[in-house]
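Note that my numbering has the sequence shown beginning at 5, numbered continuously upward.
Glycine included, C-beta positions come from ideal geometry on N, C-alpha and C.
Heads up: the structure comes next, in structure tokens.
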Amino acid sequence: MELPVIRKSADLSVEPNLREYAAACKTFSWDSAQEWIDGLPGGGVNIAYEAVDRHVVHGRGDHVALRCLGKQTQTDITYAELARRTNTFANALRSLGIEPGQRVFSLVGRVPALYVAILGTLKAGSVFAPLFSAFGPEPVKQRVVIGSGVAMVTSAALYRKKVAPVRDEMPTLQHILLVDEPGDDVSDIPGALHLTELLAEQSEEFDLAQTGPEDMSLLHFTSGTTGTPKAAVHVHGAVVAHYATGHFALDLHAEDIYWCTADPGWVTGTSYGVISPLTHGLTMIVDEGEFDARRWYRTLAEHHVSVWYTAPTAIRMLMRAGPELAKEYDLSSVRFVASVGEPLNPEAVVWGREVLGLTIHDNWWQTETGGIMIANYAACDVYPGSMGQPMPGITAGVLQRGEEGRAQAGPDGHVVEVPAGEIGELALRTGWPSMFRAYLDEEQRYNKCFVDGWYLTGDLAKRDENGYFWFIGRADDVIKTAGHLIGPFEVESVLMEDPRVAEAGVIGVPDPMMGERIKAFVSLKPGVDDDPKTLRRELTAHARRRLGPAVAPREIEFSDNLPKTRSGKIMRRLLRARELGLPEGDLSTLETGPVPANEEA
Numbered sequence: 005m006e007l008p009v010i011r012k013s014a015d016l017s018v019e020p021n022l023r024e025y026a027a028a029c030k031t032f033s034w035d036s037a038q039e040w041i042d043g044l045p046g047g048g049v050n051i052a053y054e055a056v057d058r059h060v061v062h063g064r065g066d067h068v069a070l071r072c073l074g075k076q077t078q079t080d081i082t083y084a085e086l087a088r089r090t091n092t093f094a095n096a097l098r099s100l101g102i103e104p105g106q107r108v109f110s111l112v113g114r115v116p117a118l119y120v121a122i123l124g125t126l127k128a129g130s131v132f133a134p135l136f137s138a139f140g141p142e143p144v145k146q147r148v149v150i151g152s153g154v155a156m157v158t159s160a161a162l163y164r165k166k167v168a169p170v171r172d173e174m175p176t177l178q179h180i181l182l183v184d185e186p187g188d189d190v191s192d193i194p195g196a197l198h199l200t201e202l203l204a205e206q207s208e209e210f211d212l213a214q215t216g217p218e219d220m221s222l223l224h225f226t227s228g229t230t231g232t233p234k235a236a237v238h239v240h241g242a243v244v245a246h247y248a249t250g251h252f253a254l255d256l257h258a259e260d261i262y263w264c265t266a267d268p269g270w271v272t273g274t275s276y277g278v279i280s281p282l283t284h285g286l287t288m289i290v291d292e293g294e295f296d297a298r299r300w301y302r303t304l305a306e307h308h309v310s311v312w313y314t315a316p317t318a319i320r321m322l323m324r325a326g327p328e329l330a331k332e333y334d335l336s337s338v339r340f341v342a343s344v345g346e347p348l349n350p351e352a353v354v355w356g357r358e359v360l361g362l363t364i365h366d367n368w369w370q371t372e373t374g375g376i377m378i379a380n381y382a383a384c385d386v387y388p389g390s391m392g393q394p395m396p397g398i399t400a401g402v403l404q405r406g407e408e409g410r411a412q413a414g415p416d417g418h419v420v421e422v423p424a425g426e427i428g429e430l431a432l433r434t435g436w437p438s439m440f441r442a443y444l445d446e447e448q449r450y451n452k453c454f455v456d457g458w459y460l461t462g463d464l465a466k467r468d469e470n471g472y473f474w475f476i477g478r479a480d481d482v483i484k485t486a487g488h489l490i491g492p493f494e495v496e497s498v499l500m501e502d503p504r505v506a507e508a509g510v511i512g513v514p515d516p517m518m519g520e521r522i523k524a525f526v527s528l529k530p531g532v533d534d535d536p537k538t539l540r541r542e543l544t545a546h547a548r549r550r551l552g553p554a555v556a557p558r559e560i561e562f563s564d565n566l567p568k569t570r571s572g573k574i575m576r577r578l579l580r581a582r583e584l585g586l587p588e589g590d591l592s593t594l595e596t597g598p599v600p601a602n603e604e605a
């Protein structure tokens, strides 16, 4: 299936923030972007002030900040009300003796109290560290211990299931702040306080902590599926990048109704599920429920969502639900759709045009970058399968790799960029505001991420002659077969072009002749009952036509249940382990059924 470039022209319903990409890259600077935020009245910068209080100062206090959709109810919270609630939370932390710089963790889903806690913690100058509510006890313990957490916002049920079994191994954890309404007996939870009662005792006035741009604000953990989780340190000055990336990459306007489906336990759910949209003063949808195709379409339609930020997993699940369901809803209010969490397969971009009437704009970033680094923009051409072009203010390069497969400096101390079309390690010139400042208490591990003024991402990519970047795979996912370097994403995307294929995972299997041979695990759409031998032959032939015999899979295995993270990313590591009969390691952070909330980007 040929995937032509999608041209942008007169189909833009709102004047985009970034109309001329090349001109913006020439004129933009991070110094000039400081003018997009207010800064604290007494000096310094605080993320919560930029996201909440400044809108009240500028007369937008009555504008709805959060539209919270519960299972049966809807609650609107204005910026003025959010300012008051976050003030009471900040005062509550102070009343408990929690000081600036100390870490407050969360282990809870998308409920209003979570958003109050995030912003209230930042107002108090303390550090917020979100946890994924699907974690088991061991991942929770690891992260709280690494972060020296002193308080946790959670529910009684989650505490008893995820925290109680390991509470004795977390000596710094003193306060458990429960989002449940008072009434149930919580005497079995040491240090438990009901937030409703605690906040009722606090003043609605609070003098924000005079945080500076380099003061720690957020602690984000990597998924920890391989090795010990890393705690990436982010600072209050990152809010400049949160605003700018929302402006350029997500095309946010103050009049937008915005919905980010990311789980708040991961960096996307914080950077673009809280901070970036609120700094723009728009109305943000907060949906407590998990994925349901009909519910999602209904949410888009009934709440007139104009900007939608979601994940490839969610898009694939909507594709599986069929185009007829989408036609039952008026989606005309949606003007911009973006995707992150893993590469967006080209056929998903085509589906968006055919079913939604919209281009889905893929973008790329990581926990460590703190914000979007490479994106497809509203007014720019989109090449299906490409992650786009670097943000204004970001310099990206593809670096030549050494013998160990990672970019490294040569004898002269410098790295080498490879020509267009060649594969290398994706790297970013350092210095953007949301760049992580450390791995907490792991200086050596942090320093290894940088060489010759570049941050090394660990992702392999190539750049085409038009300046667009194309994801190849993680350095440890790339398959070397018969002298060829193959990115599994490329093979997976081609297999998914077949209308019978729902998902695919591709790995390399040791082979004495080729080094590795390519094997694909394929999940079929519901109702497909083709003869397996015939289907396998047809998929192989299609892959050989599209990719050539050297790149097409040598083996195809059909599976109804591919191993995934909770966010729906296929775990190639587990596919390899199962194929080779190796231990699969600690699976406590994983689920086998996709729930479409972004994991880390």
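How is the beta strand (DSSP E) around residue i delimited, first residue to last?
i	result
methionine 288	287 to 291
tyrosine 476	A quick correction: the sequence has isoleucine, not tyrosine, at residue 476. Taken as a continuous stretch (DSSP letters only), the beta strand (DSSP E) holding isoleucine 476 covers 473 to 478.
methionine 321	That residue, methionine 321, is in no beta strand (DSSP E); its alpha helix (DSSP H) goes 316 to 325.
tryptophan 458	458 to 467
threonine 158	153 to 158
proline 134	131 to 135
glutamate 520	519 to 528
alanine 342	340 to 343
alanine 69	68 to 73
tryptophan 368	364 to 368
valine 237	235 to 239
Starting from the C-beta of residue i, find all residues in its chain whose C-beta is less than 6 Å away, skip the five residues before and the five after it, and write them out in chain order.
i	result
threonine 230	Any reading at threonine 230 must be qualified, since the residue scores a pLDDT of 43, below 50, and its modelled position is unreliable; the value itself is stated next. Correct list: empty, nothing qualifies.
glycine 74	Glu292
CA-CA distance, residue i and residue j?
i	j	result
alanine 606	aspartate 502	There is simply no residue 606 to check, as the chain begins at 5 and stops at 605 in what is shown.
isoleucine 10	glycine 414	40 Å
valine 402	phenylalanine 475	11 Å
valine 61	leucine 212	14 Å
serine 438	phenylalanine 210	26 Å
threonine 158	alanine 325	33 Å
methionine 377	glycine 269	21 Å
leucine 111	phenylalanine 93	17 Å
leucine 362	asparagine 349	15 Å
phenylalanine 340	serine 17	9 Å
glycine 585	alanine 330	42 Å
arginine 89	glutamate 208	7 Å
arginine 302	histidine 308	10 Å
aspartate 255	proline 20	6 Å
serine 563	alanine 479	26 Å
aspartate 80	leucine 118	15 Å
proline 423	proline 104	47 Å
methionine 196	tryptophan 369	Per the sequence shown, residue 196 should be read as alanine rather than methionine. Those two C-alpha atoms are separated by around 37 Å.
Looking only at its chain, what residues have a beta carbon closer than 7 Å to the beta carbon of residue i, apart from the 5 residues adjacent to it on each side?
i	result
lysine 466	Val402, Gly425, Glu426, Ile427, Trp474 and Ile476
arginine 540	Ile560
glycine 471	Gln393
glutamate 24	none
serine 275	His246, Gly374 and Gly375
aspartate 618	One cannot answer for residue 618 here, as it falls past the ends of the chain, which runs 5 to 605.
In the DSSP assignment, find the alpha helix (DSSP H) that holds residue i and state where it starts and stops.
i	result
proline 503	From DSSP, proline 503 is part of no alpha helix (DSSP H); its letter is neither H nor E.
isoleucine 81	Unbroken run through isoleucine 81 is the beta strand (DSSP E), 78 to 82; no alpha helix (DSSP H).
phenylalanine 252	243 to 252
arginine 582	576 to 584
valine 271	271 to 274
cysteine 29	25 to 31
valine 183	Note, valine 183: premise wrong, no alpha helix (DSSP H); not H, not E.
arginine 548	536 to 551
histidine 59	58 to 61
Determine the burial state of residue i: buried for a count of at least 16 other Cβ atoms within 10 Å of its Cβ, exposed for fewer.
i	result
alanine 161	exposed
serine 3	One cannot answer for residue 3 here, as it falls past the ends of the chain, which runs 5 to 605.
proline 492	buried
arginine 298	exposed
asparagine 451	exposed
proline 536	exposed
arginine 549	exposed
threonine 371	buried
threonine 569	buried
Kindly give me the distance between the Cβ atoms of residue i and residue j, rounded to whole angstroms, as I take these residues to be in contact under 8 Å.
i	j	result
serine 336	isoleucine 261	No, serine 336 and isoleucine 261 are not in contact; Cβ-Cβ is about 13 Å, not under 8 Å.
glycine 153	threonine 176	6 Å
alanine 554	leucine 528	Contact flag wrong, Cβ pair sits at about 26 Å.
Sorted by chain position, which residues of the same chain lie with C-beta nearer than 8 Å to residue i's C-beta, five sequence neighbours on each side aside?
i	result
glycine 619	With the chain covering only 5 through 605, there is no way to say anything about residue 619.
isoleucine 193	Ala160, Tyr163, Arg164, Ala168, Ile180 and Leu182
Nearest chain C C-beta to residue i closer than 8 Å, yes or no?
i	result
glutamate 421	Among the chains in the structure shown there is no chain C, since it carries only a single protein chain.
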